[in-house]
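Numbering (my numbering), first residue to last: 1 to 299. Ideal Cβ positions, reconstructed from N, Cα and C, are used throughout, including at glycine.
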Amino acid sequence: MFSVDRLRILRELAERGTVAAVAEALSMTPSAVSQQLKVLAREAGVALLEPDGRRVRLTDAGQALVLRADDVLAAMERAVAEMAHYRGSPRGQVRVASFPSGAALLLPPVLTALVDSGVELVAGDEDLPPSEAWKLLADYDIVLTHRDERAPSLAGPRLAARVLMREPIDVVVAADHPLAERDSVRPEELADETWVSVRGGFPVDDVLNSIATVTGVRPRIAQRLNEFRVIETVVASGYGVALMPRFAVAHPDLTVLRLDGVRAARVYEIVTRPQAHRRPAIATVLAAFETAAADVLTR
């Protein structure tokens, strides 16, 4: 019979990568974590870990057991959720990670909606590339992430994902830029521009790569900044042009141009563990995010 606590330790190792990181997350010593993993291997009757330099990695059997650990821990979540249902209204703490511009747009109405609900939302701003957002589920119940609309969903055997909304990505230029009197622009008209972009791996940069594909010209990226307020200020000063999500543009001295000829948008996606929505408190927060996103799209 496997110990639920030891299965949780194994899953933590799969998500965090090192024994030291697991120990810190679970308030244990590294030696205690290692000991529990050894006991779990004896219970399984096969090796679950193998050396990988100075670290360890999961064997094929270890990876298979992680999937079963997901099932067991999800069943525990369902049991907790069912008992919460019998107790009545949803209560408890829900930890939510979100990328900064998404948090700025959706978090205020979500927090307002949860007042007097009995649910305590604890928010964290986490700026990871979408492909790495799943790692945040080691510390959060819900992750609000974003991806290029052409990229695949993050949903998989160990992740549940639901799309909240689509946000167009536009070109922004200074008020005195030659294109500032226009409503839209085509990619080939931007071939000679200097760009202020974000770090690679984020949706805005994916769209810039699409522009390069259409024009056959590699964009001249002078700066990479991941804070849209800074990007706005730089572009408004007359330095370069940029791509920005439509709902993130706030600077009064910018002109927003629709980008023609390229699919340019990011998708907001909510990621949880597969059975997390069965917990009433988490379901309440998910519903609040869906309502907030719908309200944005109907403004």
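- Restricting attention to V230, V296, P168, the CA atom closest to the CA of V256 is found in P168.
- For E232, the enclosing alpha helix (DSSP H) covers residues 228 to 236.
- Taking the Cβ atoms as the reference, Y268 lies roughly 26 Å from A236, outside the contact range of under 8 Å.
- In this structure, the beta-carbon distance from P130 to T112 does not fall below 7 Å.
- DSSP places G200 in no alpha helix (DSSP H); its state is neither H nor E.
- For V230 and D206, the gap between their C-alpha atoms comes out near 20 Å.
- With 16 or more other CB atoms across the displayed protein chains lying within 10 angstroms of its CB, P203 is buried.
- For T272, the enclosing beta strand (DSSP E) covers residues 265 to 272.
- Between the C-alpha atoms of D139 and H251 there is a straight-line separation of about 34 Å.
- In this structure, DSSP gives S98 an extended state, which the three-state scheme calls strand.
- Taking 7 Å as the cut-off, the Cβ atoms of V66 and R147 do not count as close.
- Under the 10 Å beta carbon count, R299 is surrounded by fewer than 16 other beta carbons and is classified as exposed.
- Under the Cβ criterion (8 Å, minimum of three pairs), the stretch 233 to 247 counts as touching the stretch 168 to 178.
- Burial check for S210: the Cβ neighbour count within 10 Å reaches 16 or more, so the residue is buried.
- Look at S184 here: in three-state DSSP terms it is strand.
- Spanning the alpha carbons of P274 and E82 requires a straight line of approximately 16 Å.
- Look at G240 here: in three-state DSSP terms it is coil, with no helix or strand label.
- Where A161 is concerned, the enclosing beta strand (DSSP E) starts and stops at 160 to 174.
- In this chain, P30 is not harboured by any beta strand (DSSP E); it is covered by the alpha helix (DSSP H) spanning 30 to 44.
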